[in-house]
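Enquirer: Before I ask anything, here is the structure I am working with.
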Amino acid sequence: MFPAWFTTMIDWLRIIRFFSYAKDALNWLYEAIKGRRAPMPAEELMRYDDLYVSVMRDMLGEAHRSIGKAMRELRLSGREDGISKLSRLNRELEGLLDDLRVWRPTSWGKKEKYSKKILDYVNLTAVCECHGIYERAEELMASLDETAIITKTSDDMIRAMSRVRTLRNTLSWALRLPSPRDFLEALRSEALKRMRSGRKDGIIIYDSVIRVAEAFVLADSKREKDAHKIIAYDVLSAIRALSPVGKPFVHLDELWDELRARVPGIGLRELKKSVKYLWEEGVIPKVIEAGRRGLMAVLRPEGFEPEMNEIIMVVKSNDQFKRNGFTALELASKTGWSEKVVREVLAEMEDCGLAWRRMTQESIIRWFIPELYEEGGGHGEGYSVGAGRA
Numbered sequence: 388m389f390p391a392w393f394t395t396m397i398d399w400l401r402i403i404r405f406f407s408y409a410k411d412a413l414n415w416l417y418e419a420i421k422g423r424r425a426p427m428p429a430e431e432l433m434r435y436d437d438l439y440v441s442v443m444r445d446m447l448g449e450a451h452r453s454i455g456k457a458m459r460e461l462r463l464s465g466r467e468d469g470i471s472k473l474s475r476l477n478r479e480l481e482g483l484l485d486d487l488r489v490w491r492p493t494s495w496g497k498k499e500k501y502s503k504k505i506l507d508y509v510n511l512t513a514v515c516e517c518h519g520i521y522e523r524a525e526e527l528m529a530s531l532d533e534t535a536i537i538t539k540t541s542d543d544m545i546r547a548m549s550r551v552r553t554l555r556n557t558l559s560w561a562l563r564l565p566s567p568r569d570f571l572e573a574l575r576s577e578a579l580k581r582m583r584s585g586r587k588d589g590i591i592i593y594d595s596v597i598r599v600a601e602a603f604v605l606a607d608s609k610r611e612k613d614a615h616k617i618i619a620y621d622v623l624s625a626i627r628a629l630s631p632v633g634k635p636f637v638h639l640d641e642l643w644d645e646l647r648a649r650v651p652g653i654g655l656r657e658l659k660k661s662v663k664y665l666w667e668e669g670v671i672p673k674v675i676e677a678g679r680r681g682l683m684a685v686l687r688p689e690g691f692e693p694e695m696n697e698i699i700m701v702v703k704s705n706d707q708f709k710r711n712g713f714t715a716l717e718l719a720s721k722t723g724w725s726e727k728v729v730r731e732v733l734a735e736m737e738d739c740g741l742a743w744r745r746m747t748q749e750s751i752i753r754w755f756i757p758e759l760y761e762e763g764g765g766h767g768e769g770y771s772v773g774a775g776r777a
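Using the working numbering, the letters of the sequence shown correspond one by one to residues 388 to 777.
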């Protein structure tokens, strides 16, 4: 029997299907996750990484067997079109299995310490990706008559394999960082750089790691005795409930009101400690403080991403905005958001290449969304298409 915090965690992450019969792998995952989370020497960290790698290899091994079975079925039925797709998928999977090696440090300094928390974040995210590959491989058997489904599923699996590689490669630089917060800030920065070149895989990985970080917060709420950790998942849920699209920041007073309705008797001190804990774990990307008054507001875990997506959809559906651009005030009027929020979101979109500004002859700043224009197209003098989401 496993403790409730662990079973709750893997159920919440939706990776229970594989472990329903792979008991050895479930034991390995439990041993990896339950281990102490303080910085540790390389030798100790390698033992935990070996457990995670064993779980991933088991999942991918099962996926490999399912793909082999599907290929045999297609050969028997003479479906050459599907075989070519699965052959490529099979090669990619074999390559990933060969490349899954236990992390090793670049140097062996006796006093070097590495972050177990960051190892957990990266590896559990990779385990979730591997579980998705395993599930899709099983589902292929039910779709062998549908070439379009085989193609889409194969492509999805190859993209997931690429994310596993990327995650494992982050260990080479991430484990020396001092905290999960530093890691997630660096990961988000890297995701934005990828978006500038038209790639969205970085933001997908970032969102997935945030979800795993939340799973650890949920687990801590079940196994810790400190009040601020017990309520942390409720705090996170309250932040989400209070931050619909167009309202990315949640003020402390409204958060306290919402939380007291969920957890009667909670004190302001525990709430502030809980927010600090969530920020240190990297789940909350930004807190706003005001001198002696301290904490004033928090930014939701997803940051400005919901607003960024909404702005792209609004502009895409508005021919005038696409043709002539738009001001922050015009967009605020269209969305119903405050002009301050619109300006903050557009500034972040500009930083990652998703929005472009132009000063008109009347000294008015008009904004454009580059991804809504075809490559090589233009819109007025000086317009150039930037990188957007793929």
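Here a beta-carbon is modelled for each residue, glycine too, at the ideal position from N, C-alpha and C.
Rounded to the nearest angstrom, how far is the Cβ of leucine 718 from that of valine 729, given a contact under 8 angstroms?
Expert: For the purposes of this step, residue 718 is taken as residue 331 along the sequence shown, with counting starting at 1. For the purposes of this step, residue 729 is taken as residue 342 along the sequence shown, with counting starting at 1. The pair is a contact, with the Cβ atoms about 5 angstroms apart (cut-off 8 angstroms).
Enquirer: Is the beta carbon of glutamate 526 sitting closer than 9 angstroms to the one on methionine 548?
Expert: On the sequence shown, position 139 is the one that residue 526 refers to. On the sequence shown, position 161 is the one that residue 548 refers to. No, Cβ-Cβ distance for glutamate 526 and methionine 548 is not below 9 angstroms.
Enquirer: Rounded C-beta distance between leucine 554 and alanine 606? I'm assuming under 8 angstroms.
Expert: Here residue 554 is taken as the residue at index 167 of the sequence shown, counted from 1. Here residue 606 is taken as the residue at index 219 of the sequence shown, counted from 1. Not quite, the Cβ-Cβ distance comes to about 20 angstroms (not below 8 angstroms), so this is no contact.
Enquirer: Taking 9 angstroms as the cut-off, decide whether the C-beta atoms of arginine 744 and glutamate 735 are in contact.
Expert: Counted from its first residue, the sequence shown places residue 744 at position 357. Counted from its first residue, the sequence shown places residue 735 at position 348. Not a contact, by the Cβ cut-off of 9 angstroms.
Enquirer: Just list the residues that DSSP pairs alanine 602 with in beta bridges.
Expert: Taking the first residue of the sequence shown as position 1, residue 602 is located at position 215. Partner(s): none; alanine 602 has no beta bridge.
Enquirer: Pop quiz: leucine 476 and methionine 544 are said to be a contact at Cβ under 8 angstroms. What is the actual Cβ separation, rounded to whole angstroms?
Expert: Residue numbering aside, residue 476 sits at position 89 when the sequence shown is read from its first letter. Residue numbering aside, residue 544 sits at position 157 when the sequence shown is read from its first letter. Yes, they are in contact, since the Cβ atoms of leucine 476 and methionine 544 sit about 6 angstroms apart, within 8 angstroms.
Enquirer: Out of Val670, Glu430, Ile470, which has the shortest C-alpha to C-alpha gap to isoleucine 537?
Expert: The sequence position of residue 537 within the sequence shown is 150, counting from 1. Nearest option by C-alpha distance: Ile470.
Enquirer: So valine 637 and isoleucine 653 are supposed to be a Cβ contact under 8 angstroms. How far apart are they, rounded?
Expert: Residue mapping note: residue 637 aligns to position 250 of the sequence shown, counting from 1. Residue mapping note: residue 653 aligns to position 266 of the sequence shown, counting from 1. Not really, about 16 angstroms apart at Cβ, beyond 8 angstroms.
Enquirer: Taking threonine 788 as the reference, give the member of Leu558, Pro631, Leu629, Ser630 with the closest Cα.
Expert: Summary: the structure shown does not reach residue 788, with the chain confined to residues 388 through 777, and so no result is reported for it.
Enquirer: Which residues share a DSSP beta bridge with lysine 673?
Expert: Residue numbering aside, residue 673 sits at position 286 when the sequence shown is read from its first letter. Lysine 673 pairs with Leu686.
Enquirer: Please specify which runs of the alpha helix (DSSP H), each continuous and at least 4 residues long, are wholly inside the region 397-474, giving them in chain order.
Expert: You should have 403-406, 410-421, 429-463.
Enquirer: Can you tell me whether DSSP reads tyrosine 501 as helix, strand or coil?
Expert: To locate residue 501, count along the sequence shown from 1; it is residue 114. It is a strand residue.
Enquirer: Excluding the 5 residues flanking aspartate 486 on each side, which residues of the same chain have their C-beta closer than 6 angstroms to its C-beta?
Expert: Counting from 1 along the sequence shown, the entry for residue 486 is found at position 99. Hits under 6 angstroms: none found.
Enquirer: Given this structure, state the Cα-to-Cα distance separating valine 732 from glutamate 726, to the nearest angstrom.
Expert: Against the sequence shown, residue 732 aligns to sequence position 345. Against the sequence shown, residue 726 aligns to sequence position 339. Cα to Cα, valine 732 sits roughly 10 angstroms from glutamate 726.
Enquirer: If you follow the beta strand (DSSP E) that valine 632 is in, where does it begin and where does it stop?
Expert: Counting from one through the sequence shown, the residue named residue 632 turns up at place 245. Valine 632 -> no beta strand (DSSP E), and no H or E assigned at all.
Enquirer: According to DSSP, simplified to helix, strand and coil, what is isoleucine 626?
Expert: Counted from its first residue, the sequence shown places residue 626 at position 239. Note: isoleucine 626 maps to helix in three-state DSSP.
Enquirer: Can you tell me which of Leu655, Asn696, Leu562 puts its alpha carbon nearest to the alpha carbon of arginine 491?
Expert: Here the question's residue 491 lines up with position 104 in the sequence shown. Ranking Leu655, Asn696, Leu562 by Cα distance to arginine 491 puts Leu562 first.
Enquirer: Leaving aside the five residues before and after lysine 500 along the sequence, list all residues of the same chain whose C-beta is less than 7 angstroms from its C-beta, in chain order.
Expert: Your numbering for residue 500 matches position 113 in the sequence shown. For lysine 500, where only same-chain residues beyond five positions count, the Cβ hits under 7 angstroms are Pro426, Met427, Pro428.
Enquirer: Please determine, among Gln707, Ile505, Ser453, the residue with the shortest C-alpha to C-alpha distance to leucine 564.
Expert: Working through the sequence shown from its first residue, we reach residue 564 at position 177. Ranking the options by Cα distance to leucine 564, first place goes to Ile505.
Enquirer: Please go through the same chain and pick out, in chain order, the residues whose beta-carbon is closer than 8 angstroms to the beta-carbon of threonine 722, but skip the five residues on each side of it.
Expert: Translated into the one-based positions of the sequence shown, residue 722 becomes position 335. So the qualifying residues of the chain are Gly633, Glu697, Ile698, Val701, Val729.
Enquirer: Cα separation between leucine 631 and tryptophan 724?
Expert: In the sequence shown, residue 631 corresponds to position 244, counting from 1. In the sequence shown, residue 724 corresponds to position 337, counting from 1. Note that residue 631 corresponds to proline in the displayed sequence, not to leucine. If I take the Cα positions, the gap works out to 11 angstroms.
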